[in-house]
Amino acid sequence: MWMKFSLTNQKLNSLVPSTEESASVIHIWGDVGVGKSTLCYGATLSTLAQEKRVIFISTKSHFKTARFKQMSKNYTQFNEYNFLLYTPTTFAQQAEIIMNLEFLILEEIRHLKKTSIGLIVLDSVSILWHLEMKSDALYQNTLRALNTLIATMDHIRRMYQIPILITNRSVIRTQNNRNFTQPASNAVMEYWGKTKLKIERVENPAIREIILESHPTRQNLPESIFAELTDSGFS
25 MWMKFSLTNQ KLNSLVPSTE ESASVIHIWG DVGVGKSTLC YGATLSTLAQ
75 EKRVIFISTK SHFKTARFKQ MSKNYTQFNE YNFLLYTPTT FAQQAEIIMN
125 LEFLILEEIR HLKKTSIGLI VLDSVSILWH LEMKSDALYQ NTLRALNTLI
175 ATMDHIRRMY QIPILITNRS VIRTQNNRNF TQPASNAVME YWGKTKLKIE
225 RVENPAIREI ILESHPTRQN LPESIFAELT DSGFS
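All you need for the numbering used here is the position in the sequence shown, starting with 1, plus 24.
What follows is the structure in structure tokens.
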């Protein structure tokens with residue numbers, strides 16, 4: 025099973041070749057509006073076009089239905105039954121969905137002797153987790169809970185060879201009187217998201233730089249390519 029982020033930009037697709045999609049959780053991070061969801065939509069549509077099912081967990085206030093439909097016009101028609109969209113509104117709901125993923129997979133294997141799920145997307149990992157934090161004690165509890173959830177997704181990746189995409193926002197931190205950006209919940213994601221892609225704006229507002237910052241088997245990183253945001257996604 026192969027997964028593409030783009031219909032036309034083969035350099036983008038080759039950043040994480042199909043043979044390496046399941047090598048680790050793929051962690052996609054960057055500023056608001058840079059195209060993290062668009063990258064996931066492209067991967068989702070390419071997986072659906074192969075008649076595989078996709079589990080898409082959207083923690084944002086609303087799933088970008090118009091954008092998804094706009095992009096889908098450029099892909100092979102697919103059975104909408106294969107697109108399993110979950111929209112939790114609390115961290116507890118997000119946790120329940122993720123903790124039940126393996127039961128869903130095992131039930132399908134029990135009936136079909138195999139799983140038809142070709143991709144699992146969590147977009148985004150940190151929104152509901154951040155809303156849950158109201159004190160230091162709650163921070164530690166929710167951080168442990170978040171670690172358990174990502175560990176569960178990584179177990180599913182390893183056990184069933186299903187690619188996992190997780191998006192994340194960037195946050196500003198200060199060290200030695202200098203500001204820098206890093207992914208939210210960085211300690212957890214650094215441990216589990218061994219394949220890390222960062223999306224950055226450049227001078228041209230239609231172009232993004234997509235940077236492979238880390239990978240469990242790659243050398244000579246970071247490596248980056250440039251891609252244009254279009255109606256069909258990244259091209």
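Virtual Cβ for every residue (Gly too), placed ideally from N, Cα, C.
Within the same chain, and ignoring the five residues on either side of E237 in sequence, the residues whose Cβ sits closer than 6 Å to its Cβ are K220, K222 and P246. Within 10 angstroms of the beta-carbon of D255 lie fewer than 16 other beta-carbons, which makes it exposed. The C-beta distance from L36 to I180 rounds to 25 Å, too long to fall under 8 Å, and the pair is not in contact. Between I174 and I129, the C-beta gap is not smaller than 9 Å, which leaves the two residues out of contact. For the region 167-222, the full-length beta strand (DSSP E) segments reaching 3 residues or more read 188-199 and 202-207 along the chain. Uninterrupted beta strand (DSSP E) stretches at least 3 residues long and entirely within the region 28-61 occur at 50-54, given in chain order. Secondary structure in the region 81-156: the beta strand (DSSP E) runs of 3 residues or longer, each lying completely within the stretch, are 107-110 and 141-147 in chain order.
S82 is not a Cβ neighbour of G217, given a cutoff of 9 Å.
Short of 8 Å from the beta carbon of K76, and not among the five residues preceding or following it, lie these beta carbons of its own chain, in chain order: M25, N106, S140, I141, G142 and L143.
Note on R197: under 16 other CB atoms within 10 angstroms of its CB, so exposed under the neighbour-count rule.
In the three-state scheme derived from DSSP, where H, G and I count as helix and E and B as strand, S70 is classed as helix. Cβ atoms of A73 and F102 come within 8 Å of each other, at about 6 Å. Residue burial annotation: Y215 is exposed, with fewer than 16 other C-beta atoms found within 10 angstroms of its C-beta. In this structure, the beta-carbon distance from L170 to S209 falls below 9 Å.
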